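Enquirer: Okay, so the sequence shown: first residue is 174 according to the working numbering, each after it adds one.
Ideal placement from N, C-alpha and C gives every residue a C-beta, glycine not left out.
Keep in mind that this is a model prediction, so the values were computed, not measured.
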Amino acid sequence: MSVDGFGDMVFQLFGDLAPGTTERISRLAAEGFYDGLTFHRVASFGDGRPFVIQGGDPRGDGTGGSGVEFDDEFHPLLMHTSSGVLSMAKSLDDTNDSQFFITAGPTRFLDFNHSIFGFLVEGDDVREAIQSVPVGAGDRPIEDVVISSITRFDDAENAVLRLSAPEGTAGEADVTVTARSAGGEQTRQTFHVSIAPDGEDSFPFLGAIDPIQTSAGQPVSFDIPAIDVEGDAVYYGGWNLARWPAPGQDWRSARQPDLEIAVHPTTGRATIRPANGVVGVRGVLVGVNAFSEVDEEQTDPRGLSGFWDLQFVPVFIAPPSPSLALAAASDTGREGDGITSVRRLEEEGQSLRLVVRGVIQGAEVTLQLDGVELPQTELGRAQDDDGTWRVTIRLDDPRRLAEGRHELTAVQTLREQPVEVGNRSGTVDLVSEPSEPLALVIDNTPPDITSEPSPIALPGRPYRYDVQTAEEAEGTVTYRLVRSPAGMVIDPASGVVTWVAGVGDADPSVAVRATDLAGNAVDQVFD
Numbered sequence: 174m175s176v177d178g179f180g181d182m183v184f185q186l187f188g189d190l191a192p193g194t195t196e197r198i199s200r201l202a203a204e205g206f207y208d209g210l211t212f213h214r215v216a217s218f219g220d221g222r223p224f225v226i227q228g229g230d231p232r233g234d235g236t237g238g239s240g241v242e243f244d245d246e247f248h249p250l251l252m253h254t255s256s257g258v259l260s261m262a263k264s265l266d267d268t269n270d271s272q273f274f275i276t277a278g279p280t281r282f283l284d285f286n287h288s289i290f291g292f293l294v295e296g297d298d299v300r301e302a303i304q305s306v307p308v309g310a311g312d313r314p315i316e317d318v319v320i321s322s323i324t325r326f327d328d329a330e331n332a333v334l335r336l337s338a339p340e341g342t343a344g345e346a347d348v349t350v351t352a353r354s355a356g357g358e359q360t361r362q363t364f365h366v367s368i369a370p371d372g373e374d375s376f377p378f379l380g381a382i383d384p385i386q387t388s389a390g391q392p393v394s395f396d397i398p399a400i401d402v403e404g405d406a407v408y409y410g411g412w413n414l415a416r417w418p419a420p421g422q423d424w425r426s427a428r429q430p431d432l433e434i435a436v437h438p439t440t441g442r443a444t445i446r447p448a449n450g451v452v453g454v455r456g457v458l459v460g461v462n463a464f465s466e467v468d469e470e471q472t473d474p475r476g477l478s479g480f481w482d483l484q485f486v487p488v489f490i491a492p493p494s495p496s497l498a499l500a501a502a503s504d505t506g507r508e509g510d511g512i513t514s515v516r517r518l519e520e521e522g523q524s525l526r527l528v529v530r531g532v533i534q535g536a537e538v539t540l541q542l543d544g545v546e547l548p549q550t551e552l553g554r555a556q557d558d559d560g561t562w563r564v565t566i567r568l569d570d571p572r573r574l575a576e577g578r579h580e581l582t583a584v585q586t587l588r589e590q591p592v593e594v595g596n597r598s599g600t601v602d603l604v605s606e607p608s609e610p611l612a613l614v615i616d617n618t619p620p621d622i623t624s625e626p627s628p629i630a631l632p633g634r635p636y637r638y639d640v641q642t643a644e645e646a647e648g649t650v651t652y653r654l655v656r657s658p659a660g661m662v663i664d665p666a667s668g669v670v671t672w673v674a675g676v677g678d679a680d681p682s683v684a685v686r687a688t689d690l691a692g693n694a695v696d697q698v699f700d
């Protein structure tokens, strides 16, 4: 960071512990956002001790920024324990933007309220010189202190050593630091460390919270992650809000009418209940503090900033799982058994069609085989009595389904649902859980008749022929006579043909058809 007339300050950024903050400020610097801005605030405590120098506001009065706010980012290893701490300035919870400050000494009351993302490793004399400039009203320097540029680079000369001890540790230790050059040269420095009790009692803060995911009509519970470095008891709260209410707006009127949240005040167990039929993106506000429980129904959370760590959390409510069935017209053979023949459908000029029910208005439906989407064409939609939609889909390449048993599932997806929760904005695809698997058996092979009839039938004497197929033992084949003389009958289950020939029955032609459950058929013709 180069400051006109003062020199350079070099900071080690904490991308490992505050990655989001580091990335955002680095991006602004790379875009030249800070070039020409000022340190608009040089503040001291009431007793005259130096406090902070603050900059990064394009308005130069503490009210400006880049226009993109982001959430707080805390870590137990990052505290305002000395001068040179680089931290984010803000007005309320999660209103970080572009403004930052550099401490002039320990300021522990800022811990876990302002996001630390770096530490001064070179140029402390520059910081002290800026801290010493004359100021006027509002701690504004009488003469502008201008940041000429901020550049991020890989520093091969400086590093930050972090020392920490578990709570309750006491004693002394010698610490030796070794620095080695690329050429193998090295130098060492040893210093003495005294470990004393920490007299500060820091605020608790929230851990990272991913979007909460559930399905329509399904309550979801989760534990609000909170950290108190001293291990003290903490208190939790939750509000049915997706964003801060507008200035002057009663916060109750900003609540979402189709969502409820309940939070246990001491365990942090939260339960969200979406109203029946609700899908899409909602949000909740959760928080933690060190002092007391709160009545969320009566407390405006806007008045808690500074005492609570608050966080807006998106709630993704996916569509319900649909149901999947084989269309009746595509179920060759016996209807309802889930056994069909693609070959027969093709011979009849038909396609393999499936019906998906329980589809939400506007949802995209996809069929999957073993989790892989199948090529398909939607043929039409019709609304059912419950208000959901019934979708008929044709498989474009049914030959991909080899003979045998398959399990198909359907999912429905609401594409590009807007996310406007707290500082988060964008879109998300909300995908349902898969339907219950549809067991579909593809059988394209006709039965194989393995028996041969007797060619001789004597007048007045019983004639018997047992038609046999390889599948008969499984009970999956039925038989019928396609062509036969008068009086000839066949048992449809066993395939046994019986007949008593008359004197006038001369060389009759007989056709027997064996049909499997998929409707595949084979004829045996004999005289």
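Under 8 Å: do the stretch 502-512 and the stretch 396-412 share three or more Cβ pairs, one atom per stretch?
Expert: Taking 8 Å as the limit for Cβ pairs, the verdict is that the stretch 396-412 does not touch the stretch 502-512.
Enquirer: Using the beta-carbon count (16 or more within 10 Å), is Ile315 buried or exposed?
Expert: With fewer than 16 Cβ atoms within 10 Å of its Cβ, Ile315 is classed as exposed.
Enquirer: Between Pro249, Ser608, Val601, Asn286, which lies nearest to Pro339 when the distance is taken from Cα to Cα?
Expert: Comparing Cα-Cα distances from Pro339 to each of Pro249, Ser608, Val601, Asn286, the minimum goes to Pro249.
Enquirer: Inspect the beta-carbon positions of Val225 and Thr276 and report whether they are closer than 9 Å.
Expert: Closer than 9 Å, so yes.
Enquirer: Taking only runs of the beta strand (DSSP E) that begin and end inside the stretch 179-242, which ones reach a length of at least 3 residues, in chain order?
Expert: Counting whole runs of 3 or more residues, the stretch 179-242 contains the beta strand (DSSP E) stretches 183-186, 212-217, 223-228.
Enquirer: Distance, Cα to Cα, Gly296 vs Ile198?
Expert: Near 20 Å, if we compare the C-alpha coordinates of Ile198 and Gly296.
Enquirer: For the beta strand (DSSP E) containing Val488, list its first residue and its last residue.
Expert: First-last of the beta strand (DSSP E) with Val488: 481-491.
Enquirer: Which residues in the same chain as Ile663 place their Cβ atom closer than 6 Å to its Cβ, once the five residues preceding and following it in sequence are excluded?
Expert: Excluding residues within five positions, the ones whose Cβ falls inside 6 Å are Tyr652, Leu654, Val670.
Enquirer: What span of residues does the beta strand (DSSP E) with Val306 cover, start to end?
Expert: Looking at the DSSP string, Val306 is not in any beta strand (DSSP E), and its letter there is neither H nor E.
Enquirer: Take Leu542 and list the residues in its own chain whose beta-carbon comes closer than 7 Å to its own, dropping the five residues that flank it on each side.
Expert: The answer, listed in chain order, is His579, Leu581.
Enquirer: Do three or more CB pairs link the stretch 455-466 to the stretch 427-434 at distances below 8 Å?
Expert: The stretch 455-466, when compared against the stretch 427-434, does touch it at the 8 Å Cβ threshold.
Enquirer: Per DSSP, what kind of secondary structure is Glu520 in: helix, strand or coil?
Expert: Residue state, collapsed to three classes: helix.
Enquirer: To which residues of the same chain is Gly595 closer than 6 Å at the C-beta, ignoring the five residues directly before and after it?
Expert: The answer, listed in chain order, is Phe485.
Enquirer: Compare the Cα-Cα distances from Arg517 to each of Asn693, Asp298, Arg686, Leu293 and report the closest residue.
Expert: Nearest option by C-alpha distance: Asn693.
Enquirer: Note down, in chain order, each residue of its chain lying with its Cβ closer than 7 Å to the Cβ of Asp312, except the 5 sequence neighbours on either side.
Expert: Within the same chain, Asp312 has close Cβ partners Arg214, Val215, Ala216.
Enquirer: Can you find the residues in the same chain that come closer than 7 Å, C-beta to C-beta, to Asp569, ignoring five residues on each side of it along the sequence?
Expert: So the qualifying residues of the chain are Pro548, Gln549, Thr550.
Enquirer: Hey, Gly506 and Leu379: beta-carbon distance below 9 Å or not?
Expert: No. Outside cutoff.
Enquirer: Should Phe247 go down as buried or exposed, given a rule of 16 or more other Cβ atoms within 10 Å for buried?
Expert: Buried, by the Cβ-count rule.
Enquirer: Rounded to a whole number of angstroms, what is the C-alpha to C-alpha distance between Phe395 and Ala329?
Expert: Their Cα atoms are separated by approximately 44 Å.
Enquirer: What would DSSP say about Ala310, mapped onto helix, strand or coil?
Expert: Three-state result, Ala310: helix.
Enquirer: Once you ignore the five residues that flank Ser624 on each side, which residues in its own chain have a CB closer than 7 Å to its CB?
Expert: The answer, listed in chain order, is Asp639, Val640, Gln641.
Enquirer: Okay, do the stretch 262-270 and the stretch 234-244 touch, 3+ Cβ pairs below 8 Å being the bar?
Expert: Short answer: they touch.
Enquirer: Compare the beta carbon distance of Phe179 and Val294 with 9 Å and say whether it is the shorter of the two.
Expert: No, the pair does not count as a contact, with Cβ atoms beyond the cut-off.
Enquirer: In three-state DSSP terms, what is Asp570?
Expert: Reduced to three states, the DSSP call for Asp570 is coil.
Enquirer: Cβ atoms of Leu525 and Phe571: under 9 Å apart, would you say?
Expert: Sequence inspection shows Pro at residue 571; the Phe mentioned does not correspond to that position. It is a contact, given that the beta carbons lie within the stated cut-off.
Enquirer: Pull up the distance between the alpha-carbon of Pro474 and that of Trp562, whole angstroms please.
Expert: Rounded to the nearest angstrom, the two C-alpha atoms are 41 Å apart.
Enquirer: Between which residues of its own chain and Gly229 is the CB-CB distance below 7 Å, once the five residues before and five after are set aside?
Expert: Contacts found: Tyr207, Leu210, Ser271, Gln272, Phe273.
Enquirer: Keeping to the same chain, check which residues put their C-beta closer than 7 Å to that of Ala502; ignore five residues upstream and five downstream.
Expert: The answer, listed in chain order, is Gln523, Arg526.
Enquirer: Whole angstroms are fine: how far does the CA of Tyr636 sit from the CA of Ala630?
Expert: Their backbone Cα atoms lie some 6 Å apart in a straight line.
Enquirer: Go to Val319, then tell me how far its beta strand (DSSP E) extends in each direction, as first and last residue.
Expert: From DSSP, Val319 is part of no beta strand (DSSP E); its letter is neither H nor E.
Enquirer: DSSP three-state label for Glu551, please.
Expert: It is a strand residue.
Enquirer: Can you check whether the CB of Asp616 is closer than 9 Å to the CB of Val695?
Expert: No, these two residues do not count as a Cβ contact at 9 Å.
Enquirer: Just list the residues that DSSP pairs Asp639 with in beta bridges.
Expert: Note: Asp639 sits in a beta bridge opposite Val669.
Enquirer: Please state whether DSSP places Asp132 in a helix, a strand or coil.
Expert: The structure shown does not extend to residue 132, since the chain is modelled only from 174 to 700, so the question has no answer here.
Enquirer: Among the residues of its own chain, which have a CB less than 6 Å from the CB of Thr342, if the five just before and after it don't count?
Expert: Correct list, in chain order: Ile368.
Enquirer: Can you tell me the Cα-Cα spacing of Leu587 and Glu606, whole angstroms?
Expert: Cα to Cα, the separation comes out at about 12 Å.
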